[in-house]
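Numbering (our numbering), first residue to last: 3 to 181. The beta carbon of each residue, even a glycine, is placed where N, CA and C say it ideally should be.
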């Protein structure tokens, strides 16, 4: 559903509808699936790291979870659970999150198929990059820029728009009273 937001999906378990998604823009699909529809700010960045490598990342700012299921990896349109990519996604957040917490992050990597080996795992859920340093550099640059630009957290202690918790402005270092 995340790799093709222009396609509608309905998932049913027996007679119960578990997921019902209409075709929608990427950010709306990410909010519906990863952020459970909550109104967290979603920060997007796109970079090209030389020919044949394009990275687009959506960070649900202020949302962190005690599991890695919120680290979603799309490589050439395929959803993966690759440990190398997970480490590349986590590295820029090491100083920003408490131990045992994971950011909510969707990363779409478009790479020349000749730059990777998909025959590493029988289910094709893991891949091997011929130049993994280039992948780490792309993730570090993109996600590091997101953190530097928008700050590590969007809201201190509560959900966005809760109104009872002050916001923190990373650019000025000031606490802004709740309105």
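Query: Inter-residue Cα distance where the pair is residue 176 and residue 39; Result: Because residue 176 carries a pLDDT of 44, less than 50, the predicted location of this residue cannot be relied on, and no value is offered for it.
Query: Integer-rounded CB distance, given that residue 81 should sit under 8 Å from residue 4; Result: 7 Å
Query: Cα-Cα separation, residue 145 to residue 9; Result: 28 Å
Query: Three-state secondary structure (DSSP) of residue 119; Result: strand
Query: Coarse secondary structure for residue 105, derived from DSSP in three states; Result: strand
Query: For residue 134, the first and last residue of its enclosing beta strand (DSSP E); Result: No beta strand (DSSP E) contains residue 134, which is instead part of the alpha helix (DSSP H) from 134-152.
Query: Residue range of the alpha helix (DSSP H) that includes residue 81; Result: Segment 80-82 is the beta strand (DSSP E) holding residue 81; no alpha helix (DSSP H) there.
Query: Cβ contact check for the segment 54-68 and the segment 100-119: 3 or more pairs under 8 Å; Result: yes
Query: Residue nearest to residue 56 in terms of C-alpha spacing, selected from 129, 131, 110, 133; Result: 110
Query: Residue range of the unbroken beta strand (DSSP E) whose run includes residue 31; Result: Residue 31 -> not in any beta strand (DSSP E); alpha helix (DSSP H) instead, spanning 28-35.
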